[in-house]
Each structure stands twice: as C-alpha cells, then as structure tokens.
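Going from the sequence shown to the numbering used here is simple: count from 1 and add 145. Take a look at the structure below.
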Amino acid sequence: MAASFSYGRLDGRMVHVRDLEPSTRRGLQCGCVCPECGRQLQAHMGSQKAWHFQHHVEDANCNPQPMTLLHAFVRDELAKRGDLVVPQVQAFIHLDADGKRLAKTVALPERSFRYTAARTEARTGSIQPDVSFVTDAGTAVALEVRYTHAVDDHKQTTLRGRFAWAAEFNVSDLPPDGVSVAQLETLLTQPDRWKWLANPFLSQAERLELARYRWRNTLWRAGADIRAVPNARHAPQKLKTAQQHLEWAKGALHELRGWVVHEEDAADWLGERNRFERVAVACAALRINPISLPDFLTQRPAPSAPEHVFRASPHRWQPLVFSKFCIGRRAFSAHDAARWCRRAVPELCSADDGSRCANGFSWTAAALHVYFLQLEAQGLLQGAANVPREERTFTPKFVSVRELHAHLSAQKIREAPPTLEQRLSALRRAHGSKARF
C-alpha cells in the first residue's frame with residue numbers, strides 16, 4: 146500500500162494538506178512533491194478519511210516518517226515568518242552555594258524577535274541549529290525544534306557561546322498527522338512548549354537567586370560609610386523633562402488631596418505614573434522646582450546599601466520618599482517605607498522578592514534604612530536615641546514644608562560667600578573697632 150502522510154513540498158516550502166484549498170488543489174492539482182524523494186504527490190481531500198498526500202506512482206519506494214516531516218515543517222515555518230514571540234516561560238535554575246545544590250523556578254519574561262533572511266540547518270562551528278538568524282537589532286538567535294530528543298548539555302553550552310539567545314520548541318507530543326499553519330500559531334503561544342537554552346535573563350536570574358540566598362543567610366549591618374555630606378548625582382536633562390510636568394502635578398496633587406484615599410491607593414496611583422510624572426508630583430508636594438533639587442534628594446547611597454534595588458538615578462525615588470515620610474510628625478521605619486515603595490516605584494524594587502536577611506531586612510528596606518541614616522547624619526531627620534543603627538526608627542525633623550524651606554534658606558545663607566561688608570566687619574572684630582582700611 147502506498148504511504149500516506151500529511152506534508153508535501155509546494156514551490157520549495159513545506160505545506161500541510163489542510164492548508165491547501167480543496168477547490169483548486171485536489172488530487173494532482175495540488176502541485177506538491179514528496180519532501181523525501183521529490184516525486185509528484187496527489188492530495189486526497191475526501192469526506193470519509195483524513196486528508197493526506199500519497200505518491201502519484203504506486204511503485205514509489207518511499208515512506209516519509211511523519212515526525213521527520215513535522216520537524217521540517219515547523220523548522221521552515223519558523224524560518225520564513227520574520228517575527229516571533231516567545232511567551233513568558235517558567236525555567237529551572239540550579240545554584241551551587243555553600244556546598245549545596247539548590248533548584249529554583251524563575252519566570253523569564255516574554256521576548257519578541259524581528260528578523261529577515263533566517264537560515265535552516267546552517268553550520269556554525271561544531272553545531273547546526275535548526276534555524277538561525279540575526280535580528281533587525283543585530284542580535285544572533287538560534288532555534289531548535291524538538292521532536293525526539295532534547296538538546297543535550299554539550300550542545301546547549303556551545304549554543305550559549307555562539308548565540309545571545311537560543312530556544313527549543315517542543316513538538317514531540319503532536320499527533321503523527323501533524324499540524325497546520327493555523328494550529329502551529331496557537332502552539333507557539335503555549336509556554337510549556339518553550340525552553341530557553343541561552344537567555345541573558347536566565348544568567349541574570351541565576352545571579353539574582355544566588356544573591357537572594359546569600360542575603361537570607363546574612364546579618365546585615367549599615368557599615369561605617371554613612372555620609373554626613375551628600376554625594377550628589379545630578380541629572381539635569383531628565384529633571385528638565387520632569388519640570389515640564391510640574392503644572393500637571395500641582396493640579397493632580399490638589400485633586401488627589403480632595404479625595405478620601407487610603408495610603409495604599411495613593412501609592413498605587415503613583416506606581417501607575419511614569420517616572421517624570423512621579424518626580425514632578427514629589428516636587429509639587431515639596432514646592433521645589435525639579436531642576437533645583439537639593440543634594441540630599443539626589444545623593445548616591447552609601448556602599449553598604451544593597452545594590453539590587455533603586456539602581457536608577459536617585460532623583461527618581463528620593464524626593465518621593467522624603468515627601469512621604471520626612472515631613473510631618475509621624476515616626477516610621479525603613480520597613481514602612483519599603484512597603485510603600487514597592488507600590489509607588491515598583492520597577493525600582495522589582496528584584497526584591499521579599500527575602501529577608503537574618504535581622505529582618507529586605508533589600509528595599511535596607512537600602513531605605515541607609516538613606517534615612519544619611520539624612521540623620523546630615524541633620525535632616527531624627528533617629529531614635531540610644532538604639533542600634535539597624536533597629537532605629539525615625540521621626541521627621543520638619544513638621545511642614547514651610548519649615549523645610551526655612552531650613553534650606555538658612556543653609557543657603559550660611560553657605561553663601563561673605564559680602565565685602567561682612568568681611569570688613571569680621572576684620573574689625575579681629576583687630577579692634579579703631580582698625581582702618
């Protein structure tokens with residue numbers, strides 16, 4: 146009996162029999178040839194049996210394997226499409242820490258690729274990926290179609306060395322009669338079918354999980370690097386952009402204060418704003434022009450602050466935190482501020498999964514605690530007396546924004562260079578009232 150199968154080759158590309166139009170492609174009109182031997186095929190599109198191809202000649206000594214054809218079809222479809230979205234995937238990572246082998250599941254974000262001129266089965270060194278291409282942005286990517294065995298460790302290591310991104314798409318559980326183009330589109334959106342072989346986020350996740358493990362086994366200390374003088378990091382161009390939102394921020398803040406809003410809802414509202422709008426809102430609350438932010442609102446954290454959170458410019462979070470916690474009468478802790486920040490500036494705390502060190506600090510809380518200790522050392526915040534630094538809570542020094550501005554004005558006067566009259570008066574005091582100049 147002549148072999149029947151679901152895929153043929155039409156104009157050089159693999160097609161599934163169900164992707165053909167019956168009215169014009171039935172029988173020998175299909176125009177397809179066998180992917181294995183190249184002989185003419187006829188398409189059987191009846192109502193009694195499943196649609197399939199057969200060789201036109203009965204004596205064809207050819208029996209294409211369904212899974213081999215399925216693999217070739219998926220490979221060619223991936224190569225010709227020009228764009229691809231790999232959905233968010235759950236991945237297993239393994240960590241070696243303190244002599245222990247740890248396993249962890251992490252979520253790797255969705256990734257989109259746009260490309261032209263993809264190649265199939267092109268040799269790259271000692272390997273031959275099913276599909277390889279360079280994206281429009283110049284990134285090298287490889288794709289593997291799994292239909293029998295998964296990519297082994299040796300090949301995965303080689304792929305990681307030659308491609309920035311590499312992924313495996315699993316079709317091993319699909320039926321022998323294969324899938325059509327429309328069915329393949331649905332399968333490509335299923336996360337369980339994808340496995341990342343090379344992914345920069347995977348390496349980053351491994352480093353992050355190792356850092357979290359070490360943090361959970363650390364007794365954190367603030368260190369002796371708390372700065373009494375702010376080490377400012379200014380970003381004038383970005384602050385000019387924030388300044389453009391200042392009038393909007395004043396109106397939004399006035400409207401927000403007119404509502405009965407819970408703290409969590411207000412923090413969520415901030416979290417939905419973009420980074421420039423947030424800075425503008427904080428500056429409106431403090432009645433400070435964004436381009437004139439004082440150094441203590443743009444200062445670099447001390448080295449003892451965890452490095453995995455608040456990695457952006459200080460102006461993106463310090464004015465917000467100061468306006469929320471450092472004006473008024475209410476005492477607070479870094480843990481209070483951390484809970485608020487995870488809502489108000491979520492992207493700056495995204496690496497914090499809630500892991501706590503041995504003395505109870507999350508990364509976010511520890512970073513904020515360092516900032517509050519710096520403000521205390523700079524005379525801008527009051528810390529609880531006779532309490533170890535890591536256990537300290539804080540109270541605002543300024544009851545109102547008006548008091549803050551009075552302090553800033555006095556500080557500006559103290560820091561201003563003396564006038565000529567002031568220098569002369571100082572000399573007279575030093576040399577007696579009869580001194581003449």
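Backbone N, C-alpha and C fix where the C-beta goes; we use that ideal spot for every residue, glycine too. If you're wondering where the values come from, they're calculated on a predicted model, not measured in any experiment.
Is residue j closer than 8 Å to residue i when the C-beta atoms are compared?
i    : j    : result
R584 : A412 : Residue 584 is absent from the model: the chain starts at 146 and stops at 582.
F470 : A482 : yes
R534 : A367 : yes
W462 : L438 : no
A313 : V324 : Note that residue 313 is Glu in the sequence shown, not Ala. Result no, Cβ atoms of E313 and V324 do not sit closer than 8 Å.
L391 : C428 : yes
C179 : G157 : no
P422 : A394 : In the sequence as presented, Pro is not what sits at residue 422; that position holds Glu. Yes, these two residues count as a Cβ contact at 8 Å.
K385 : I433 : no
A224 : T265 : yes
E289 : D298 : no
G453 : A356 : Here residue 453 turns out to be His, not Gly, going by the sequence shown. Yes.
T443 : R378 : yes
Q523 : P336 : no
L549 : I472 : yes
D322 : A503 : no
L186 : H200 : yes
A397 : V251 : no
Taking all protein chains shown into account, decide if residue i is buried (16 or more other Cβ within 10 angstroms of its Cβ) or exposed.
i    : result
S507 : buried
K340 : buried
R268 : exposed
H161 : buried
F237 : exposed
F582 : Note that F582 has pLDDT 45, beneath the 50 cutoff, so the model's placement of it is unreliable and no number is given.
T293 : exposed
V532 : exposed
Q389 : exposed
A580 : Low confidence applies here, because A580 scores a pLDDT of 49, under 50, leaving its location unreliable and the question unanswered by this model.
C365 : In the sequence as presented, Cys is not what sits at residue 365; that position holds Trp. Answer is buried; the Cβ neighbour count reaches 16.
E521 : buried
E408 : exposed
E354 : buried
A242 : exposed
R256 : buried
R246 : exposed
C182 : exposed
A555 : exposed
H399 : exposed
V230 : exposed
If you drop the 5 nearest sequence neighbours on each side, which residues of the same chain put their C-beta closer than 8 Å to that of residue i?
i    : result
P254 : Q233, F346
R474 : T540, P541, V544
L565 : none
R184 : V178, H200, H201, V202, A205, C207
Can you name, in chain order, every residue of its own chain whose Cβ lies under 6 Å from the Cβ of residue i, other than the five neighbours on each side?
i    : result
F278 : Y260, A263, V286
S458 : A380
P451 : W508, A511, A512
D301 : The amino acid at residue 301 is misidentified as Asp; the sequence shows Gln. Hits under 6 Å: L342.
D228 : R259
W485 : A412
D281 : R259
T284 : A309
S478 : T538
In chain order, what residues of the same chain have a beta carbon less than 7 Å from the beta carbon of residue i, not counting five sequence neighbours either side?
i    : result
N344 : L253, W310
A248 : F237, H239
T540 : A476, Q527
S271 : T303
H197 : S149, F150, S151, V162, H189
L329 : V219, E222
P464 : V424, A427, C428, L431, L438, L442
V546 : L431, R432, I472
L165 : C175, A188
P491 : G416
Legend entry - Sufficient close CB pairs (3 or more, under 8 Å) joining the stretch 515-535 to the stretch 436-448: yes
Inset, instruction - State whether the stretch 360-376 contacts the stretch 313-320, with contact taken as three or more CB pairs (one from each stretch) at a distance under 8 Å. - result: no
Inset, instruction - Let me know the beta strand (DSSP E) ranges lying completely inside the stretch 285-337, each 3 residues or longer, listed in chain order. - result: 285-291, 310-315
Legend entry - 4 or more residues per run - each alpha helix (DSSP H) lying fully within the stretch 437-489: 463-470, 479-489
Legend entry - Entirely enclosed beta strand (DSSP E) segments - the stretch 199-250, minimum 3 residues: 228-231, 234-242
Legend entry - At least 3 beta-carbon pairs within less than 8 Å: the stretch 208-224 vs the stretch 166-174: no
Legend entry - alpha helix (DSSP H) segments (min. 4 residues) lying fully within the stretch 351-413: 381-388, 391-403
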